[in-house]
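This report concerns only the one structure given below.
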Amino acid sequence: MARNGKLVASASGDETVKLWDAGTGEVVETVRGNPLIHTIQFDTAAPFLRTNFGYIKFNLLLHRL
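Going by the UniProt record's numbering, the residue at position 41 of the sequence shown is 41; the numbering climbs one at a time, nothing skipped.
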C-alpha cells in the first residue's frame with residue numbers, strides 16, 4: 001500500500017502489475033510485468049514500484065503519490 005493509503009499494488013500470474021484505488025477497489029492502471037515478479041514495494045522518492053526484478057514506472061504515480 002502507498003504511504004498515503006490511496007493506492008494498493010499487486011503482481012499476478014498473468015504477468016501484470018496493477019494499481020488499485022484503495023477506496024473503491026477499482027483497478028486504476030495496469031502494466032505488463034514479468035512472471036518472476038513476486039515482491040513489490042512503493043518507492044517513496046519516485047513514481048516507481050520496486051520489485052525483486054527491477055523497477056516499474058506507473059504514469060498514475062506521478063499524480064497520485
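For each residue, glycine too, the CB sits at the ideal point set by N, CA and C.
- In the same chain as N34, and ignoring 5 residues on each side of it, the C-beta atoms closer than 7 Å to its own belong to E15, F53, in chain order.
- Between S10 and the set I37, T24, R3, T44, the nearest pair of CA atoms involves I37.
- Of the other Cβ atoms in all chains shown, 16 or more fall within 10 Å of the Cβ of V17; this residue is therefore buried.
- In the three-state DSSP reduction, E29 falls in the strand class (E or B).
- Straight across, the Cα-Cα distance linking R3 with P47 is about 12 Å.
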